[in-house]
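Note that my numbering gives residue 107 to position 107 of the sequence shown, counting from 1, and the numbers run on in steps of one.
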Amino acid sequence: MKAPLTIKEYVEGILNKDISVLARAITLAESNKAEHQEISKQVIEKILPHTGNSVRIGITGVPGVGKSTFIEIFGQVLIENKHRVAVLAVDPSSTLSKGSILGDKTRMEKLSSTGDVFIRPSPSGGSLGGVARKTRESILLCEAAGFDYILIETVGVGQSETEVHNLTDFFLLLMLAGAGDELQGIKRGIMEMADGIAITKADGTNADKAKAARVEYSNALHLFPPTESGWIPEVKTCSSTQNTGIEEVYAMIEKYIRHTKAKHYFTQKRQEQSLFWFESLVQEKIREHFFSNAAFIKRYQQAKAKISNNQTTIPLAISAVFKE
Ligand SMILES: Nc1nc2c(ncn2[C@@H]2O[C@H](COP(=O)(O)OP(=O)(O)OP(=O)(O)O)[C@@H](O)[C@H]2O)c(=O)[nH]1
Ligand SMILES: [Mg+2]
Numbered sequence: 001m002k003a004p005l006t007i008k009e010y011v012e013g014i015l016n017k018d019i020s021v022l023a024r025a026i027t028l029a030e031s032n033k034a035e036h037q038e039i040s041k042q043v044i045e046k047i048l049p050h051t052g053n054s055v056r057i058g059i060t061g062v063p064g065v066g067k068s069t070f071i072e073i074f075g076q077v078l079i080e081n082k083h084r085v086a087v088l089a090v091d092p093s094s095t096l097s098k099g100s101i102l103g104d105k106t107r108m109e110k111l112s113s114t115g116d117v118f119i120r121p122s123p124s125g126g127s128l129g130g131v132a133r134k135t136r137e138s139i140l141l142c143e144a145a146g147f148d149y150i151l152i153e154t155v156g157v158g159q160s161e162t163e164v165h166n167l168t169d170f171f172l173l174l175m176l177a178g179a180g181d182e183l184q185g186i187k188r189g190i191m192e193m194a195d196g197i198a199i200t201k202a203d204g205t206n207a208d209k210a211k212a213a214r215v216e217y218s219n220a221l222h223l224f225p226p227t228e229s230g231w232i233p234e235v236k237t238c239s240s241t242q243n244t245g246i247e248e249v250y251a252m253i254e255k256y257i258r259h260t261k262a263k264h265y266f267t268q269k270r271q272e273q274s275l276f277w278f279e280s281l282v283q284e285k286i287r288e289h290f291f292s293n294a295a296f297i298k299r300y301q302q303a304k305a306k307i308s309n310n311q312t313t314i315p316l317a318i319s320a321v322f323k324e
């Protein structure tokens, strides 16, 4: 990593839409080093008044469903509609990388050189939870640099969904037509979180199956309890390779944003999300605080041994662990 800039240089660079400074500020926010975190905190505090003015979209689905391909083409639709687009990946194993998304043949590459697109693969080696948490800071930094559509790709396998759901305004679930009932069962919890579903690869011999799946999923969504905002999740079909249905997904998201802003739900959800992250970080600090105390760890281990040997009760063990 290059030597950090001064806080003023970071802040001015970001506000002046300098992409290389933005990238460095994100690297700093992702760093686990205490001195980097210290600078990062101050940079984020200074840019905070310039954040929030974006639409944050989580894009999820099983590996291979077509998330990265969708993002490439959807990103172009956003650009055509005069948006500036930042793409962040949350899953450390995601193929959203320079290799796939900036491949020579994609138009995205040309677009990214215009400064209207910023693509950030997730840091390698991080845990899903850790990456998601840092993504929150990355979103704020991107917003301060004038990006008004933030796309966050995450793979559909569990924990990262909940976290990304808590980072975004609109949660888009990509699904394949003709996937078995079993898969749909697994996806139920995730389906409940979705504000919209897009059936991908609705082209060639798959087109009819996709139409049938659209009806099926629409019916399934109607069985879920109504959402807090009163929004009824919609199901679309699209093909990223044929560039069909992508505009409809964009229209659905814009409609959702209008709906939730009119109901004052948009801001409320963001406030709840901020509290969610605050509370979960406080809990993490509390854990860290106790588990960095040798005497506490000793009492904890002793209590565990006694519980295993049936020498104490759980309430007594708890008292013993927390006695000063
Ligand atoms: N026919 C067809 N193929 C598609 C479409 N979109 C993506 N694909 C293909 O599906 C494969 C997977 O696409 P990706 O975009 O990499 O999928 P992903 O969900 O990002 O995958 P991971 O990042 O590995 O989770 C690639 O071979 C794509 O070319 C589509 O609309 N139609
Ligand atoms: Mg991908």
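Where a beta carbon is used, it is the ideal one built from N, C-alpha and C, also for glycine. Here the structure is a predicted model, which is why all the values come from computation and not from measurement.
Under 8 Å between C-beta atoms of residue i and residue j
{"i": "lysine 46", "j": "valine 77", "result": "no"}
{"i": "serine 240", "j": "isoleucine 59", "result": "no"}
{"i": "isoleucine 7", "j": "alanine 25", "result": "no"}
{"i": "glycine 196", "j": "leucine 172", "result": "yes"}
{"i": "histidine 50", "j": "aspartate 148", "result": "no"}
{"i": "leucine 88", "j": "serine 138", "result": "yes"}
{"i": "valine 164", "j": "alanine 202", "result": "no"}
{"i": "serine 68", "j": "glutamate 161", "result": "no"}
{"i": "leucine 28", "j": "isoleucine 39", "result": "yes"}
{"i": "isoleucine 44", "j": "aspartate 169", "result": "no"}
{"i": "alanine 177", "j": "alanine 213", "result": "yes"}
{"i": "threonine 135", "j": "valine 85", "result": "no"}
{"i": "isoleucine 199", "j": "threonine 237", "result": "yes"}
{"i": "lysine 17", "j": "alanine 145", "result": "yes"}
{"i": "isoleucine 253", "j": "isoleucine 57", "result": "yes"}
Residue i Cβ short of 7 Å to ligand 2 heavy atom set
{"i": "lysine 67", "result": "yes"}
{"i": "glutamate 153", "result": "yes"}
Own chain partners of residue i with C-beta closer than 6 Å, once the 5 adjacent residues on each side are dropped
{"i": "tyrosine 265", "result": "Ser229"}
{"i": "glycine 166", "result": "Before going on, a small fix: residue 166 reads as asparagine here, not glycine. The answer, listed in chain order, is Gln273 and Phe276."}
{"i": "alanine 303", "result": "Ala317, Ala320 and Val321"}
{"i": "valine 65", "result": "Leu174, Leu176 and Thr200"}
{"i": "tyrosine 250", "result": "Val77"}
{"i": "phenylalanine 336", "result": "The structure shown has nothing for residue 336, since the chain only spans 1 to 324."}
{"i": "glycine 99", "result": "Because glycine 99 carries a pLDDT of 39, less than 50, the predicted location of this residue cannot be relied on, and no value is offered for it."}
heavy atom of ligand 1 below 7 Å from residue i C-beta
{"i": "lysine 201", "result": "yes"}
{"i": "threonine 241", "result": "yes"}
{"i": "glycine 75", "result": "no"}
{"i": "proline 63", "result": "yes"}
{"i": "glycine 326", "result": "Lying before the first or after the last residue shown, residue 326 is absent from the chain, which here runs from 1 to 324."}
{"i": "glycine 204", "result": "yes"}
Where the alpha helix (DSSP H) through residue i begins and ends
{"i": "threonine 114", "result": "It is not in any alpha helix (DSSP H) - threonine 114 carries neither H nor E in the DSSP assignment."}
{"i": "glycine 13", "result": "7-15"}
{"i": "phenylalanine 278", "result": "265-291"}
{"i": "phenylalanine 403", "result": "Look at the range of the chain in this structure, 1 to 324, and you will see that residue 403 is not part of it."}
{"i": "leucine 221", "result": "207-222"}
{"i": "glutamate 248", "result": "246-262"}
{"i": "serine 40", "result": "34-47"}
Bounding residues of the beta strand (DSSP E) (the contiguous stretch that carries residue i)
{"i": "valine 235", "result": "234-237"}
{"i": "glycine 61", "result": "55-61"}
{"i": "glycine 75", "result": "Premise fails: glycine 75 lies in the alpha helix (DSSP H), 67-80, not in any beta strand (DSSP E)."}
{"i": "threonine 313", "result": "No beta strand (DSSP E) contains threonine 313, which DSSP labels as neither H nor E."}
{"i": "alanine 198", "result": "196-200"}
{"i": "leucine 22", "result": "Careful: leucine 22 lies outside any beta strand (DSSP E), inside the alpha helix (DSSP H) at 19-30."}
{"i": "valine 155", "result": "149-155"}
{"i": "leucine 90", "result": "Reading off the sequence, residue 90 comes out as valine, not leucine. That residue, valine 90, is in no beta strand (DSSP E); it is neither H nor E in DSSP."}
{"i": "leucine 167", "result": "That residue, leucine 167, is in no beta strand (DSSP E); it is neither H nor E in DSSP."}
Neighbour flag for residue i against chain B, beta carbons, 8 Å
{"i": "glutamate 272", "result": "The structure shown contains no chain B, having only a single protein chain."}
Close-in-space but distant-in-sequence residues of the same chain around residue i (CB under 8 Å, 5 per side omitted)
{"i": "threonine 312", "result": "Ala303, Lys306 and Ala320"}
{"i": "isoleucine 190", "result": "Thr60, Gly156, Glu161 and Leu173"}
Residues near residue i in its chain [Cβ-Cβ closer than 7 Å; skip 5 each side]
{"i": "serine 218", "result": "Val235"}
{"i": "glutamine 42", "result": "Ile7"}
{"i": "asparagine 243", "result": "Ile73"}
{"i": "aspartate 104", "result": "Reliability of the predicted coordinates at aspartate 104 is poor, the pLDDT of 37 falling under 50, and no value is obtained from them."}
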